[in-house]
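Chains as they are written, first to last, in the numbering used here: chain A, 1 to 152; chain B, 1001 to 1152.
There are 2 protein chains.
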Amino acid sequence: MSTEDQNGINYSMLQSRLGYKLRRTQLVYFDVFFEACAQEGITPGLFSILAIIYHNPGLTQSAVSSALDVDRSAMVAAIDKLESMEVVERRKSKNDRRSYALYLTEKGKAFTERLDHKVSSGEEAFDTFMKEGEREWLLDILDRIIEARKGQ
Amino acid sequence: MSTEDQNGINYSMLQSRLGYKLRRTQLVYFDVFFEACAQEGITPGLFSILAIIYHNPGLTQSAVSSALDVDRSAMVAAIDKLESMEVVERRKSKNDRRSYALYLTEKGKAFTERLDHKVSSGEEAFDTFMKEGEREWLLDILDRIIEARKGQ
DNA sequence: TATTGTTATACTCTATAACTATA
DNA sequence: TATAGTTATAGAGTATAACAATA
Chain A
1 MSTEDQNGIN YSMLQSRLGY KLRRTQLVYF DVFFEACAQE GITPGLFSIL AIIYHNPGLT
61 QSAVSSALDV DRSAMVAAID KLESMEVVER RKSKNDRRSY ALYLTEKGKA FTERLDHKVS
121 SGEEAFDTFM KEGEREWLLD ILDRIIEARK GQ
Chain B
1001 MSTEDQNGIN YSMLQSRLGY KLRRTQLVYF DVFFEACAQE GITPGLFSIL AIIYHNPGLT
1061 QSAVSSALDV DRSAMVAAID KLESMEVVER RKSKNDRRSY ALYLTEKGKA FTERLDHKVS
1121 SGEEAFDTFM KEGEREWLLD ILDRIIEARK GQ
């Protein structure tokens, strides 16, 4: 295997670094993700929030932030934005008046489904570079690494 | 396959999104990368610069930024920092007085080798979650995706 | 005209700490 | 005393635009 790219740069020390390769690959998929989301006026981070609320209606902001591994302080502006777009709504919790229960509006559900479809389609463009079964294998190994970290 | 994690959150819409999984996995490896680098007083970004200069002595700042796909304006502070640590030196180019040729000092070479070893060792902790040959396969598929994007 | 290094600047993402109102 | 949401703030990372020196 060559360690040089088409510009004659030698990448030996980064060639077998998963940290480096994962970052580069993630940037590729982020572009796809970003493009699909931008068409609908949001960002990949906001999409992930919608995706969680879609299948878990009624969660609190803290529960969503914990599900996505981001700080709860980051949720405020995010939910403000999604509420201003009328795709998410905060409802006062009955049992705990400190927190909100988050729900998608009807518009928000259709919005999220459309977005999901666009993001999926965008990712499909790269499926042509994978052999039969490789996509599933890739998802599986990534899951194993993510879970491995949690256990540490 | 369950779409819920141990907290009962349903991740259906993110479960098969490579963009999401790659980001989470990249964060895991970034932590490892970051820890190894922090022990030596630098960051993963600075390590990648050292790794390029190590095997490509004499490159200009622009060439390094292009090799790593970052803007050349970001190189200024980075090389300033590495020069202040006495691991990199800027030498005036003979043929083009606009640019510098970048070299590692003797100290910088040993520093980079030590760093490379620490980063590699850090990554090895996750090899136990992969079967025989999977690491190579993973690197290969990531390369295919990165190259696919370039060709677009 | 184009390019190299530089500076100033701005924007995103994210984390921390402190506050308030509830529990 | 602990937790949910909020606010202010700060840091890292990165990109853009403009400038001087040089090609």
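A virtual CB, placed ideally from N, CA and C, is assigned to each residue, including glycine.
Locate the alpha helix (DSSP H) running through residue i, then write down its first and last residues.
i, result
"residue 144 of chain A", "134-151"
"residue 125 of chain A", "Unbroken run through residue 125 of chain A: none, as it is neither H nor E."
"residue 20 of chain A", "18-38"
"residue 103 of chain A", "No alpha helix (DSSP H) contains residue 103 of chain A, which is instead part of the beta strand (DSSP E) from 100-104."
"residue 53 of chain A", "44-55"
"residue 1081 of chain B", "1073-1084"
"residue 13 of chain A", "12-15"
Using only alpha-carbon positions, find the residue among the options that is nearest to residue i.
i, options, result
"residue 158 of chain A", "A/130, A/81, A/124", "Because chain A spans 1 through 152 in this model, residue 158 of chain A falls outside it and cannot be assessed."
"residue 109 of chain A", "A/73, A/85, A/27", "A/85"
"residue 89 of chain A", "A/79, A/14, A/136, A/95", "A/79"
"residue 145 of chain A", "B/1105, B/1004, B/1040, B/1026", "B/1026"
"residue 1133 of chain B", "A/130, A/132, A/137", "A/137"
"residue 54 of chain A", "A/73, A/148, A/39, A/104", "A/104"
"residue 1118 of chain B", "B/1058, B/1128, B/1041", "B/1041"
"residue 1010 of chain B", "A/57, A/37, A/24", "A/57"
"residue 1030 of chain B", "B/1047, B/1052, B/1014", "B/1047"
"residue 131 of chain A", "B/1063, B/1072, B/1051, B/1142", "B/1142"
"residue 1015 of chain B", "A/61, A/15, A/91, A/68", "A/68"
"residue 1072 of chain B", "B/1094, B/1032, B/1093, B/1049", "B/1049"
"residue 107 of chain A", "A/99, A/87, A/94", "A/87"
"residue 33 of chain A", "A/100, A/148, A/128, A/121", "A/121"
"residue 1062 of chain B", "B/1100, B/1095, B/1083", "B/1100"
"residue 968 of chain B", "B/1060, B/1127, B/1003, B/1028", "Outside the modelled stretch of chain B, which goes from 1001 to 1152, sits residue 968 of chain B, for which no answer is possible."
"residue 1074 of chain B", "B/1013, B/1045, B/1051", "B/1045"
"residue 102 of chain A", "A/128, A/52, A/147, A/127", "A/52"
"residue 1148 of chain B", "A/28, A/35, A/3, A/91", "A/28"
Mind checking residue i: buried by the 16 CB within 10 Å criterion, or exposed?
i, result
"residue 140 of chain A", "exposed"
"residue 1150 of chain B", "exposed"
"residue 76 of chain A", "exposed"
"residue 1017 of chain B", "buried"
"residue 1153 of chain B", "A question about residue 1153 of chain B goes unanswered here, because the residues of chain B that appear run from 1001 up to 1152."
"residue 125 of chain A", "exposed"
"residue 1021 of chain B", "buried"
"residue 123 of chain A", "buried"
"residue 97 of chain A", "exposed"
"residue 8 of chain A", "exposed"
"residue 1112 of chain B", "buried"
"residue 1065 of chain B", "buried"
"residue 5 of chain A", "exposed"
"residue 23 of chain A", "buried"
"residue 38 of chain A", "exposed"
"residue 1019 of chain B", "buried"
"residue 1116 of chain B", "buried"
"residue 1001 of chain B", "With a pLDDT of 49 at residue 1001 of chain B, under the threshold of 50, the predicted position of this residue should be treated as unreliable, and no value is reported."
Quick check on the DSSP output: the beta strand (DSSP E) that includes residue i runs from which residue to which?
i, result
"residue 1092 of chain B", "1088-1092"
"residue 68 of chain A", "Premise fails: residue 68 of chain A lies in the alpha helix (DSSP H), 61-68, not in any beta strand (DSSP E)."
Sorry if obvious, but does the Cβ on residue i come closer than 6 angstroms to a heavy atom of the ligand HEM?
i, result
"residue 1118 of chain B", "The ligand HEM is not among the ligands present in this structure, which contains no ligands whatsoever."
Compile a chain-ordered list of the residues in the stretch 115-139 of chain A whose CB is closer than 7 angstroms to at least one CB of chain B.
Those residues of the stretch 115-139 of chain A placed with their C-beta closer than 7 angstroms to a C-beta in chain B are 116, 119, 123, 126, 129, 130, 134, 138, 139, ordered along the chain.
For the stretch 77-101 of chain A, which residues have a CB atom closer than 7 angstroms to at least one CB atom of chain B, in sequence order?
none
Counting only Cβ-Cβ distances shorter than 9 angstroms, please list the residues of the stretch 48-62 of chain A near chain B, keeping chain order.
If the cut-off is 9 angstroms between Cβ atoms, the stretch 48-62 of chain A has 48, 50, 51, 52, 54, 55, 56, 59 near chain B.
Residues of the stretch 11-41 of chain A with a CB closer than 7 angstroms to any CB of chain B: list them in chain order, please.
12, 13, 14, 16, 17, 18, 19, 20, 21, 22, 23, 24, 25, 26, 28, 29, 30, 32, 33
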